[in-house]
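Here the sequence shown stands for residues 958 to 1291, numbered as in this note's numbering. Even glycine gets a Cβ: it sits at the ideal position worked out from N, Cα and C. Have a look at the structure below, then the notes.
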Amino acid sequence: MDNLLMLKGARKLVGTCANVQPGEEVVIVTDFAGHRVAEAVAAAALERTDAVNIVVMPPRSIDGEEPTKTVAAAMQAADVLFTPVKQSITHTYATRTAIGNGARGIMLSQFNPNMLVTGGINADFEAIRPLCFKIGELLANCDKVHLTTPAGTDLRLSLKGRPSNPHCGLVRKPGDFTTVPNIECSSSPIEGSSEGVIIVDASIPYYGVGLVKEPIRFDVANGRVTKISGGYQADFLDQLLARQGDPAVYNIAQISFGLNPHCPMEGVMLHDEGVYGTAHIGIGTSVLLGGEVKTLTHFDSLMWKPTLSLDGEIVLRDGKWLLPEADVIHSGRA
């Protein structure tokens, strides 16, 4: 029975989200943790094309580590790429090259079987698309950004000249990529421009940190995290980043906003990052987001009830978007 329920969600991934067509080469990169999701996606894809390939990747040691050469080579041959893996390979050269070659990418880091049945997968991706792209338009055309939260986040940065990344859960053109089900819109700050304080009070769904037990504080200067403080989770993160031996792991790489009203906050990457009414700051690699930094890892730090000012105009207040396109969510139609 579980397999039948999972197949329904897999068909949405393959049909609605990826729009797989007959004859397209589908490559599913997975690992031992993601094999059930991979098999469900493969079954759904086989209903549309005969060219379905599952590639099992040796476990990665950290989010953002490059896949093996064999796996990377398979990714380059894809028309459509799915990645149900435990450690994220989204922010890697292998993914960047596959997308650059024209693959349509559906990133499924930490995607578990239950996510094919409940939560964010039940969103109306098409209905939320206009809001996602409107926010993308605003981010792509602004310079000065000010982000605050009731917990104490107070961060200023510049997005001048940077593209936005509206990920609405749908890929249609060669080179499109998105994450599912965490509908979000992001951009990458100008290197060196970020200044202030980040207070993480929701989740860091990377490295096993998960839901935050005690707020984690990042002090930020000249575009990098300069100090990490808080409870035992902050200490763990501080030590993990120090072990990487690369100052670029502290780069402020991303500012992003969750837009899926069906996503729960549960310590799982692709649900947490999509929770409507949250913001997250990505730290580390930024090259896949429009930035210039490639380092050993990338992680996101989530916060509740953000207020966002773009060039002095408030467009998001306490987690609620002040845009007509958001009515589809506020009215419960998505």
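Counting along the chain, where does the beta strand (DSSP E) carrying residue 1112 start and finish? The sequence position of residue 1112 within the sequence shown is 155, counting from 1. For residue 1112, the enclosing beta strand (DSSP E) covers residues 1111-1115.
Keeping to the same chain, check which residues put their C-beta closer than 6 Å to that of residue 1251; ignore five residues upstream and five downstream. Taking the first residue of the sequence shown as position 1, residue 1251 is located at position 294. Result list for residue 1251: 1242, 1244, in chain order.
Tell me the rounded alpha-carbon separation between residue 1046 and residue 1163. Start at 1 with the first residue of the sequence shown, and residue 1046 comes out as number 89. Start at 1 with the first residue of the sequence shown, and residue 1163 comes out as number 206. Approximately 12 Å, taken between the alpha carbons.
Pick helix, strand or coil for residue 1140, following the three-state DSSP scheme. Against the sequence shown, residue 1140 aligns to sequence position 183. Note: residue 1140 maps to coil in three-state DSSP.
Can you say whether residue 1086 is buried or exposed, counting buried as having 16 or more other CB atoms within 10 angstroms of its CB? Position 129 of the sequence shown, counted from the start, is the residue given in the question as residue 1086. With 16 or more Cβ atoms within 10 Å of its Cβ, residue 1086 is classed as buried.
Can you tell which of 983, 1264, 1068 has its C-alpha closest to the C-alpha of residue 1109? In the sequence shown, the residue the question calls residue 1109 occupies position 152. Nearest C-alpha to residue 1109: 1264.
Would you grab the beta carbon distance between residue 1070 and residue 1222 for me? Rounded to a whole angstrom, and I think it's under 8 Å. Mapped onto the sequence shown, residue 1070 falls at position 113. Mapped onto the sequence shown, residue 1222 falls at position 265. Rounded, the Cβ-Cβ distance is 19 Å, inconsistent with contact.
Looking at C-alpha atoms only, which residue of 1181, 1076, 1165, 1256 is the closest neighbour of residue 1291? Here residue 1291 corresponds to residue number 334 of the sequence shown, with the count starting at 1. Put simply, of 1181, 1076, 1165, 1256 the residue whose alpha carbon is nearest the alpha carbon of residue 1291 is 1076.
Within 10 Å of its beta-carbon, does residue 1138 have 16 or more other beta-carbons around it, so buried, or fewer, so exposed? Translated into positions along the sequence shown, residue 1138 becomes position 181. Counting Cβ neighbours within 10 Å, residue 1138 comes out buried, since at least 16 surround it.
Proximity to residue 1155 [Cα-Cα], best of 1271, 1233, 1106, 1034: Here residue 1155 corresponds to residue number 198 of the sequence shown, with the count starting at 1. A check of alpha carbon separations from residue 1155 across 1271, 1233, 1106, 1034 identifies 1106 as the nearest.
Can you give me the C-alpha to C-alpha distance between residue 1067 and residue 1175, rounded to a whole angstrom? Translated into positions along the sequence shown, residue 1067 becomes position 110. Translated into positions along the sequence shown, residue 1175 becomes position 218. The alpha-carbon atoms of residue 1067 and residue 1175 are separated by roughly 25 Å.
Residue 1064 to residue 1135, Cα distance in whole Å? The residue you call residue 1064 lines up with position 107 of the sequence shown. The residue you call residue 1135 lines up with position 178 of the sequence shown. Near 6 Å, if we compare the C-alpha coordinates of residue 1135 and residue 1064.
Take the Cβ of residue 1288 as the centre, count every other Cβ of all protein chains shown within 10 Å, and call the residue buried at 16 or more, exposed below. Counting from 1 along the sequence shown, the entry for residue 1288 is found at position 331. Counting the other Cβ atoms within 10 Å of the Cβ of residue 1288 gives fewer than 16, which makes it exposed.
Helix, strand or coil for residue 1219 per DSSP? Within the sequence shown, the letter at position 262 stands for residue 1219. DSSP places residue 1219 in coil when its eight states are reduced to three.
So for residue 1128, helix, strand or coil by DSSP? Locating residue 1128 in the sequence shown gives position 171, counting from the first residue. Residue 1128 carries a coil assignment under DSSP once its states are collapsed to helix, strand and coil.
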